[in-house]
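Taking UniProt numbering, I'd label the letters of the sequence shown as residues 1 to 217.
Glycine included, C-beta positions come from ideal geometry on N, C-alpha and C.
These figures come from a predicted structure and were not determined experimentally.
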Amino acid sequence: MAIPPITPYPMPDVSDLPASRVDWQPDARRAVLLVHDMQNYFLRAFTPGQSPLVDLMSNVLALRARCSDLGIPVVYSAQPGGQSSEQRGLLLDFWGGGIGTDPQEAEITPELAPRAGDVLLTKWRYSAYQRTELAELMAAQGRDQLIVCGIYAHIGVLMTACEAFMRDVQPFVVADAVADFSADHHRMALTYAAERCAVTVTTRQISRALAREVAGV
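Spelled out as structure tokens, the structure:
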């Protein structure tokens with residue numbers, strides 16, 4: 001049940017964003033950035049040198065840099081390799097064994113490797129909240145906004161945003177810093193998020209909003 005090759009497609013831009021139902025504004029004092037499952041195993045399904053991979057990488061890097069500059073904690077999620085059938089649970093029925101035993105498959109792509117001070121969570125289910133310390137980490141720092149980037153938009157990214165919402169954490173899904181199996185899957189994830197649980201924004205929009213908020217403009 002390997003993930004099939006993903007046909008290149010263009011990243012959405014601001015004109016493609018679905019209308020949000022809420023007017024939440026990102027606040028550097030309240031936010032955490034989650035870099036979701038940017039592991040070699042998942043990224044290899046994309047075509048190198050083409051969209052959405054090229055845009056995904058550059059936008060996640062830009063978002064991480066902005067958040068670091070503003071003192072926003074950066075958290076990574078990563079699924080472990082070589083899971084037993086008991087550890088996989090029902091994921092085994094849908095996706096097979098997942099990441100294999102080669103350590104390189106489970107690693108975060110080198111361009112985005114966690115740095116000193118970043119947090120790396122071991123992730124076991126679609127939502128990055130399930131069986132991790134994400135909720136406790138955010139509560140301990142008094143953070144109640146979650147900026148989500150990474151892959152895949154309609155699976156883990158969306159489920160994490162939904163669970164954040166159900167925990168009274170305001171999620172922001174960065175539309176051009178996530179990617180998916182296809183443009184249709186990507187669009188569906190953004191539409192569901194905007195209509196039911198999150199604000200969808202572009203990298204430029206949220207970067208500017210955070211900078212303005214810090215500057216008090």
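For residue i, name the three-state secondary structure that DSSP assigns.
i	result
L70	coil
I3	coil
T122	strand
I206	helix
T191	helix
S182	coil
S77	strand
With 16 as the cutoff for other CB atoms within 10 Å, does residue i come out buried or exposed?
i	result
residue 221	Any answer about residue 221 is impossible in this case: the structure gives the chain only from 1 up to 217.
M11	buried
E163	buried
D176	buried
L90	exposed
V14	exposed
G142	exposed
T101	exposed
R66	buried
For residue i, which residues from the same chain have a beta carbon less than 6 Å from its beta carbon, with the 5 sequence-adjacent residues on both sides left out?
i	result
A189	A153, H154, L158
D118	V74
I3	A45
L92	S85
H186	A153, D180
A194	P18, S20, T200
G156	H36, D37, Y126
Quick one: residues in its chain with C-beta nearer than 8 Å to the C-beta of residue i, no 5 flanking neighbours on either side, listed in chain order?
i	result
W24	Q145, Q170, F172, V199
I99	Q39, Y41, Q79, P80, G81, G82, Q83, E105, A106
R167	Y129, A135
L34	V75, Y76, S77, A128, L134, L146, I147, V148, C149, G150, T160
Spatial neighbours of residue i within its chain, please: CB distance less than 7 Å, with the 5 preceding and 5 following residues excluded, ordered by chain position.
i	result
V22	V199
R131	W124, R125
T191	P18
S68	V74
I206	P26, I147, F172, V174
Tell me whether the stretch 172-181 and the stretch 46-59 touch, counting them as touching only if at least three CB pairs, one residue from each stretch, are closer than 8 Å.
yes
What residue ranges within the stretch 146-180 form continuous beta strand (DSSP E) runs of no fewer than 3 residues, ordered along the chain?
170-179
Any contact of the stretch 159-172 with the stretch 191-207, i.e. 3+ C-beta pairs under 8 Å?
yes
Tell me the start and end of each unbroken alpha helix (DSSP H) in the stretch 6-68 that is at least 4 residues and wholly inside, in chain order.
40-43
Meets three-Cβ-pair contact criterion under 8 Å: the stretch 141-149 and the stretch 82-95:
no
Given 8 Å, three or more beta-carbon pairs between the stretch 132-145 and the stretch 66-75:
yes
Below 8 Å, how does it come out for the stretch 29-45 and the stretch 104-124: are there three or more Cβ pairs, yes or no?
yes
Determine contact between the stretch 108-119 and the stretch 30-39, defined as no fewer than three beta-carbon pairs at a distance below 8 Å.
yes
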